[in-house]
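> Attaching a single structure in structure tokens format; questions to follow.
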Amino acid sequence: MREITVNYNGAPCYDILLDDSYSELAARIDQLGFSGRRIAIITDSNVGPLYAEAVASSLARISSEVLICTIPAGESNKTLAEIERLYAALIEAHFDRHDLLIALGGGVVGDMTGFCAATYLRGVSFVQLPTTLLAQADSSIGGKTGVDFSGYKNMVGAFYMPRLVYMNFSVLKTLPAREFSSGFAEIMKHGLIKDQSFYMWLVDHLYEINDRDPAVLAEMLQKSCEIKRAVVEADPKERGERALLNFGHTIGHAVEKAKNFELLHGECVALGCVAAAYISARRKMIGDDEYYEIRDMFVPFGLPISVEDVNPMDIVRLVHSDKKADRNSIRFILLEKLGHAVIRTDVTDEEISAAVEEILWREDGE
Ligand SMILES: NC(=O)c1ccc[n+]([C@@H]2O[C@H](COP(=O)([O-])OP(=O)(O)OC[C@H]3O[C@@H](n4cnc5c(N)ncnc54)[C@H](O)[C@@H]3O)[C@@H](O)[C@H]2O)c1
Ligand SMILES: [Zn+2]
Numbered sequence: 004m005r006e007i008t009v010n011y012n013g014a015p016c017y018d019i020l021l022d023d024s025y026s027e028l029a030a031r032i033d034q035l036g037f038s039g040r041r042i043a044i045i046t047d048s049n050v051g052p053l054y055a056e057a058v059a060s061s062l063a064r065i066s067s068e069v070l071i072c073t074i075p076a077g078e079s080n081k082t083l084a085e086i087e088r089l090y091a092a093l094i095e096a097h098f099d100r101h102d103l104l105i106a107l108g109g110g111v112v113g114d115m116t117g118f119c120a121a122t123y124l125r126g127v128s129f130v131q132l133p134t135t136l137l138a139q140a141d142s143s144i145g146g147k148t149g150v151d152f153s154g155y156k157n158m159v160g161a162f163y164m165p166r167l168v169y170m171n172f173s174v175l176k177t178l179p180a181r182e183f184s185s186g187f188a189e190i191m192k193h194g195l196i197k198d199q200s201f202y203m204w205l206v207d208h209l210y211e212i213n214d215r216d217p218a219v220l221a222e223m224l225q226k227s228c229e230i231k232r233a234v235v236e237a238d239p240k241e242r243g244e245r246a247l248l249n250f251g252h253t254i255g256h257a258v259e260k261a262k263n264f265e266l267l268h269g270e271c272v273a274l275g276c277v278a279a280a281y282i283s284a285r286r287k288m289i290g291d292d293e294y295y296e297i298r299d300m301f302v303p304f305g306l307p308i309s310v311e312d313v314n315p316m317d318i319v320r321l322v323h324s325d326k327k328a329d330r331n332s333i334r335f336i337l338l339e340k341l342g343h344a345v346i347r348t349d350v351t352d353e354e355i356s357a358a359v360e361e362i363l364w365r366e367d368g369e
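So for the sequence shown, the numbering used here puts the first residue at 4; every next one is plus one.
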């Protein structure tokens, strides 16, 4: 078992545990003081049938009552309407402020459970059991919670810290290949923005990662979680440096919207990373050879580097309508070198549109 402690405002706040089973889960929840309390496992309709019963039975020995609440799977259910259904189930089961919510699922379940925990009775405790690569490497850490609203992603939410993040990487075995690759995009991003040697390590372990070799996954997740931990500890509420995690996301989110959410989040992040690296190369912040290397390394990990049927001007418009766009200036993340990202507010519409042209799929395969 590997363990990382995340600080919040300078004091230890919660632990991240990396394990190959849930065998220590009940003991850790007990240590947090939830013995004899009610526990609600919030999961989705894909993950629930696979893992909820096993998690529930392991907790039954310490809890007075274990409830399983299932959300229909998919981003389209990341809504206030589903949160209301959760509140209703908790009220019906007489959940009080000392009881515990557990998120068992990917980023959708984690964000929703966290938001439910932040708001139910003005705040109850919650634990993250992330089951996708994206949730393990990224979304379960850092306390961003929320739901989508009126077509806008994560428009309503709260910063609210979990009490524990317990990742069992053996559950990744059942994750569909496309979801695995999508999560991997965020891991590549961590290397690109903060740690060149980690990036090189990922490239060197291509085959083991694609084979989901447990020892290599454990090593990879530990390193990736450490990078995310360091960034969120330095800037928990995204006043500055945390924005570096948005590398690839400015154009990525716009592509996600322009393609009507047909592509997975990580696939759009890969496209956005390529576009941002291209802008960095045009500005001579990185060399052309580095740009091509960054671009081409997404391919063997099953990620796209070009996209069909998007209009560069639509992307420019969507970039400006993103909630993170600060009036007229966009906080854009570029690479000063491989492993070192910086925030820039002077990226022009022309640069964005040229970067989108660059990632447009062309018949000649360029
Ligand atoms: N809070 C944050 O800091 C943060 C960061 C990044 C992304 N996010 C959010 O995360 C969400 C995306 O998360 P995601 O990619 O995990 O998507 P997801 O939660 O929709 O999971 C992807 C799919 O995999 C299925 N699944 C999950 N675990 C499985 C397993 N072990 N075996 C088989 N199937 C499994 C799910 O049912 C779903 O169909 C987005 O809503 C995004 O906004 C949040
Ligand atoms: Zn992301």
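Ideal placement from N, C-alpha and C gives every residue a C-beta, glycine not left out. Quantities reported herein were computed from a predicted structural model and do not represent experimental measurements.
Closer than 7 Å to a non-hydrogen atom of ligand 2 - does that hold for the CB of Asp-214?
The answer is no for Asp-214.
> Helix, strand or coil: how does DSSP classify Tyr-25 here?
coil
> Cα-Cα, which of Asp-198, Val-277, Arg-242, Ala-106 is closest to Val-310?
Val-277
> Report buried or exposed for Tyr-295, applying the criterion of at least 16 other Cβ atoms within 10 angstroms of its Cβ.
exposed
> Hey, quick one: how far does the beta strand (DSSP E) through Ile-71 stretch, first residue to last?
Unbroken beta strand (DSSP E) run through Ile-71: 68 to 74.
> Check whether the Cβ of Lys-197 sits closer than 7 Å to any heavy atom of ligand 4, and report yes or no.
Summarising the ligand content, the structure contains ligand 1 and ligand 2 and does not contain ligand 4.
> Would you kindly work out how many angstroms separate the C-alpha atoms of Gly-146 and Glu-366, rounded to a whole number?
Distance from the CA of Gly-146 to the CA of Glu-366, rounded to the nearest whole angstrom, comes to 43 Å.
> Looking at C-alpha atoms only, which residue of Asp-18, Leu-178, Ala-59 is the closest neighbour of Ser-26?
Ala-59
> Less than 8 Å separating the beta-carbons of Ile-144 and Arg-5?
No, the Cβ-Cβ distance between Ile-144 and Arg-5 is not below 8 Å.
> Which residues in the same chain have their Cβ closer than 8 Å to the Cβ of Ile-308, if we skip the five residues on either side of it in sequence?
Ala-273, Leu-274, Val-277, Arg-298, Asp-299, Phe-301, Val-302, Ile-362
> Indicate whether Gln-131 and Val-168 have their beta-carbon atoms separated by less than 8 Å.
yes
> Quick check on the burial criterion: 16 or more other C-beta atoms within 10 angstroms. Buried or exposed for Lys-192?
By the Cβ-count criterion, Lys-192 is buried, with 16 or more other Cβ atoms from all chains shown falling within 10 Å of its own Cβ.
> Please identify the residue among Ile-355, Lys-197, Leu-103, Ala-140 whose C-alpha is closest to the C-alpha of Lys-340.
Lys-197
> For Tyr-210, which three-state DSSP category applies?
helix
> Can you give, in chain order, each stretch of the beta strand (DSSP E) that sits fully within the segment 276 to 359 and has at least 3 residues?
335 to 340, 343 to 347
> Based on the DSSP secondary-structure assignment, which residues constitute the bridge partners of Ala-63?
Per DSSP, Ala-63 has no beta bridge partner at all.
> Does the distance from the C-beta atom of Phe-129 to that of Arg-100 stay below 8 Å?
no
> For Phe-162 versus Leu-220, is the C-beta spacing smaller than 8 Å?
no
> Using DSSP bridges, identify the partner residues of Lys-147.
For Lys-147, DSSP records a beta bridge to Phe-162.
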